[in-house]
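A.B. asks: In our numbering, the protein residues as written are 91 to 119.
This is the structure:
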């Protein structure tokens, strides 16, 4: 149970990073 939970957290964290990059890129234009 602990492993999938940490994996999900890591996965959501990477998604948040992708959104940050996407929005920063948009606002840069």
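For every residue, glycine included, the Cβ atom is placed at its ideal position computed from N, Cα and C. None of these values were measured; they are calculated from a predicted model.
What number of angstroms, rounded off, separates the C-alpha of residue 113 from the C-alpha of residue 103?
C.D. replies: 15 Å
A.B. asks: Measure the C-alpha to C-alpha separation of residue 110 and residue 96 and round it to an integer number of angstroms.
C.D. replies: 21 Å
A.B. asks: Using a Cβ-Cβ distance under 9 Å, would residue 117 count as near chain C?
C.D. replies: Going by chain labels, chain C is absent from the structure shown, which holds only one protein chain.
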